[in-house]
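Colleague: In terms of the numbering used here, the sequence shown has 553 at position 553, counting the first letter as 1, and numbering is strictly consecutive.
Cβ coordinates follow ideal geometry from the N, Cα and C atoms, glycine included.
None of these values were measured; they are calculated from a predicted model.
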Amino acid sequence: MSRVSTGPSTNPTTAHALLRRLHDHGVRTVFGVVGREAASILFDEAEGIDFVLTRHEFTAGVAADVLARISGRPQACWATLGPGMTNLSTGVATSVLDRSPVIALAAQSESHDIFPNDTHQCLDSVSIMRPMTKYAVELQRPDEVTDLVDSAVAAAMTEPVGPSFISLPVDLLGSEIDTSLPHPGARTPAKPLGVVEDGWQEAAGKAAELLKAAQHPVLVVGAAAIRSGAVPAIRALAERLRLPVITTYIAKGVLPHGHELNYGAVTGYMDGILSFPALETLFGPADLILTLGYDYAEDLRPSMWRHGGEKTTVRVSPTANPIPRVYRPDVDVVTDVLAFVEHLDGQTAGLAAKTPHDITPLRERIAEFLADPRHYDDGLRVHQVIDAMNTVMAETAAEGEGTIVSDIGFFRHYGVLFARADQPFGFLTSAGCSSFGYGIPAAMGAQLARPGQPTFLIAGDGGFHSNSADLETIARLNLPIVTVVVNNDANGLIELYQNMGHHRSHDPAVKFTGVDFTALARANGVEAARAASREELVAALRKGAGLGRPFLIEVPVNYDFQTGGFGALSI
Ligand code: TP9
Ligand code: MG
């Protein structure tokens, strides 16, 4: 008797179990590019998970990173085998260096045909991903997929949070699985898990004594403090004891933009950008540096706070100190940041408020710099661009909302210093990995995480055009991101380094011929305008913010850097 094919089996497969378990852990979006494994997975196997097709796997990795960062939950990205997986690897590098709980998934050759570097498109994916992930594994038996997802989530949500990777041979991905096997419910940590050292309260007691004795203590806050849920407690403590708060690039927004105790974020470029001894003003008078969730990868280097007189240092972190050679604190408290701040709050209950050291000259310098009324015929200056973005963001966002995203380039340091951030992760940039091209995918992740809030993106021509194909993705998803491309037809930051090292530029290594970014945007379905003055830029930003669709503004810019002010960049 001949059998009539009834089409593909509808019995549950590994793909069903994979997506269902990701969903159980809170994943609602998988970003990626699908390859021939499409024969084994359609991505509609589990209810409640959307697939977002990107133009490049790097975009998928970064969008997942930012969605995970803002939501505090694991998020997922997908690539096909071989080149898809290697394209994804820079996104994975971003989430290891920027600390984000991303579950990276990639197809692999059939399980009987895995001969890395010999089989068509077959690379040793796990070996490639292992050094930049917290967990990397290849599925061997279909029934194990649920457990592998659980392990991947557990590793990703452990401080320092970071990516996990699962390689999925295409035949196993499409295999039917035994659904009768019991699986306990998915256990997703409510917040990242960290190390809690025995006796940390004793170290915390020493920290409290140092705080009591200090004249000008300063809190230096990193993103692990945000991840621990400590922001309200830090704000309350800072306000009660009048402690200035200084942050890394990505911990901006721990205190709102205009808060009197918000002493800003620091970068090694700040003295050079402002032509002002900013680091000396911020840190010189401090006698106690209390770091909360400090992470060297966030690029605030201990050498930056070692200005002025002797300082005592206290490190509070949910990880053992990975960098004793560059930062050996006087007191090391290894515990959850929120637990520490609550403990310190109790221990300093009767303590009189401190007198924060005066940074008025720096604030005046910044205000004067940003207000720069000049018209430059050769293009705006980036501080004018950021000032315009801040103005329109303040008009557009509800209190405590809004996100400014920055790609990587010289302009990024103006964003770190001056961009408004009125909520934690209200300013996003890749501090740790700093891959250019970060801008569009990060803005996608931010807009998806905060759908009702404005998202402004600033990107340089170099970084933006390295990954501009995903303009089509934001158009397809109709994400109302307002992008400003600051265009100097150059990799400006690298030209600065040429001048720092050689006192001259070498154009072939840094200069481009012009790209019409407005035409590029329109070709991808994104409305666009050009702005050559502050007034035109503010008007264009207002238009973009009210549009409800993606909008791009191209702004010709120029830098007038003097190479003398960048000494803080040498370690
Ligand atoms: N390749 C990658 C993937 N990432 C980085 N960061 C580099 C190379 C080195 N950095 S920041 C930068 C480079 C080439 C140039 C940025 O140029 P831009 O036009 O985006 O910004 P700007 O303001 O410096 O000109
Ligand atoms: Mg440029």
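Which residues in the same chain have their Cβ closer than 7 Å to the Cβ of GLY194, if we skip the five residues on either side of it in sequence?
Modeller: Excluding sequence neighbours, GLY194 sits near GLU159, PRO318, THR319, ASP336.
Colleague: Check whether the Cβ atoms of VAL484 and GLY460 sit closer than 8 Å, and answer yes or no.
Modeller: No, they are not a contact pair.
Colleague: Closest to ARG55 by CA distance: which of ASP470, LEU292, ALA545 is it?
Modeller: When each option's Cα is compared against that of ARG55, the closest is ASP470.
Colleague: Mind checking whether the beta-carbon of ASN488 lies closer than 7 Å to any heavy atom of the ligand MG?
Modeller: At least one heavy atom of the ligand MG is nearer than 7 Å to the Cβ of ASN488, so yes.
Colleague: Just to confirm the assignment, what range does the beta strand (DSSP E) spanning ALA104 have?
Modeller: 102–108 is the extent of the beta strand (DSSP E) around ALA104.
Colleague: Taking its Cβ as the centre, do 16 or more other Cβ atoms sit within 10 Å of ILE323, making it buried, or is it exposed?
Modeller: Counting Cβ neighbours within 10 Å, ILE323 comes out exposed, since fewer than 16 surround it.
Colleague: Which word fits ASN117, buried or exposed, when buried means at least 16 other C-beta atoms lie within 10 angstroms of its C-beta?
Modeller: That one is exposed.
Colleague: At the level of alpha carbons, what is the spacing between HIS383 and PHE411?
Modeller: Going by the C-alpha atoms only, they are around 8 Å apart.
Colleague: Would you call GLU57 buried or exposed, if buried means 16 or more other Cβ atoms sit within 10 Å of its Cβ?
Modeller: Counting Cβ neighbours within 10 Å, GLU57 comes out buried, since at least 16 surround it.
Colleague: Quick one: complete beta strand (DSSP E) runs, 3+ long, within the segment 132–156?
Modeller: With a minimum length of 3 residues, the continuous beta strand (DSSP E) runs that stay inside the segment 132–156 are 135–138.
Colleague: Along the chain, which unbroken stretches of the alpha helix (DSSP H) at least 4 residues long are found entirely within the segment 460–541?
Modeller: Segments of the alpha helix (DSSP H) lying fully in the segment 460–541: 461–465, 471–476, 492–502, 517–523.
Colleague: Decide if HIS216 is buried, meaning its Cβ has at least 16 other Cβ atoms within 10 Å, or exposed.
Modeller: Result: buried.
Colleague: Whole-angstrom Cβ separation of GLY61 and GLY91, contact assumed at under 8 Å?
Modeller: GLY61 to GLY91, Cβ: 1 Å. Contact.
Colleague: Which class does THR13 belong to by DSSP, given the choice of helix, strand or coil?
Modeller: Three-state DSSP puts THR13 in a strand.
Colleague: So, with DSSP's three-state summary, where would you put TYR559?
Modeller: Note: TYR559 maps to coil in three-state DSSP.
Colleague: Which ranges does the beta strand (DSSP E) cover as unbroken runs of at least 3 residues, wholly within the segment 164–225, from first to last along the chain?
Modeller: As far as the segment 164–225 is concerned, its whole beta strand (DSSP E) runs of at least 3 residues are 164–169, 217–221.
Colleague: Are the Cβ atoms of MET572 and ALA93 separated by less than 8 Å?
Modeller: Here the chain has residues from 1 to 571 only, and residue 572 is not among them.
Colleague: Put THR360 into one of helix, strand or coil per three-state DSSP.
Modeller: Reduced to three states, the DSSP call for THR360 is helix.
Colleague: Would you mind working out which of ALA446, VAL254, ASP50, ALA15 sits nearest VAL221, comparing C-alpha positions?
Modeller: Closest option to VAL221, Cα to Cα, is VAL254.
Colleague: Check the DSSP bridge columns for ILE553 and list the partner residues they point to.
Modeller: For ILE553, which the question treats as bridged, DSSP gives the partners VAL484, ALA529.
Colleague: Is PHE566 helix, strand or coil by DSSP?
Modeller: Looking at PHE566 - three-state DSSP - the assignment turns out to be coil, as it is neither helix nor strand.
Colleague: On the three-state DSSP scale, how would you describe ARG20?
Modeller: ARG20: helix per DSSP, three-state reduction.
Colleague: Out of ARG69, THR59, VAL405, point me to the one whose CA is closest to MET85's CA.
Modeller: Nearest option by C-alpha distance: THR59.
Colleague: Using the rule of at least 16 other Cβ atoms within 10 Å of the residue's Cβ for burial, across every protein chain shown, is PRO142 buried or exposed?
Modeller: Flag for PRO142 reads buried.
Colleague: Is the beta carbon of LEU457 less than 8 Å from the beta carbon of ILE481?
Modeller: Contact: yes.
Colleague: In three-state terms, what does DSSP make of ILE386?
Modeller: Helix at ILE386.
Colleague: So, does the segment 393–407 touch the segment 418–435, judging by three or more C-beta pairs under 8 Å?
Modeller: The segment 393–407 vs the segment 418–435: in contact.
Colleague: Tell me which residues share the same chain as LEU172 and place their Cβ nearer than 7 Å to its Cβ, disregarding the 5 neighbours each side in the sequence.
Modeller: Contacts found: THR14, SER111, LEU139, PRO142.
Colleague: Does the beta-carbon distance from TYR249 to GLU280 come in below 8 Å?
Modeller: No, they are not a contact pair.
Colleague: At which residues does the beta strand (DSSP E) containing ALA76 begin and terminate?
Modeller: 75–79 is the span of the beta strand (DSSP E), which, as asked, contains ALA76.
Colleague: Excluding sequence positions up to five away, which residues of its chain have a Cβ less than 8 Å from the Cβ of MET304?
Modeller: Excluding residues within five positions, the ones whose Cβ falls inside 8 Å are VAL266, GLY268, LEU279, PHE283, ALA568.
Colleague: Mind checking who SER317 pairs with in its DSSP beta bridge?
Modeller: SER317 is bridged to VAL334.
Colleague: Answer yes or no: do ILE166 and LEU148 have a C-beta to C-beta separation smaller than 8 Å?
Modeller: Yes. Within cutoff.
Colleague: Tell me whether ILE494 counts as near the ligand TP9, meaning its Cβ is closer than 7 Å to at least one heavy atom of that ligand.
Modeller: Flag set: Cβ of ILE494 near the ligand TP9.
Colleague: SER2: buried (16+ other C-beta within 10 angstroms of its C-beta) or exposed?
Modeller: A caution first: SER2 carries a pLDDT of 39, below 50, which makes its placement in the model too unreliable to give a value.
Colleague: Would you mind reading off the limits of the beta strand (DSSP E) that contains GLY548?
Modeller: Where GLY548 is concerned, there is no enclosing beta strand (DSSP E), given that its DSSP letter is neither H nor E.
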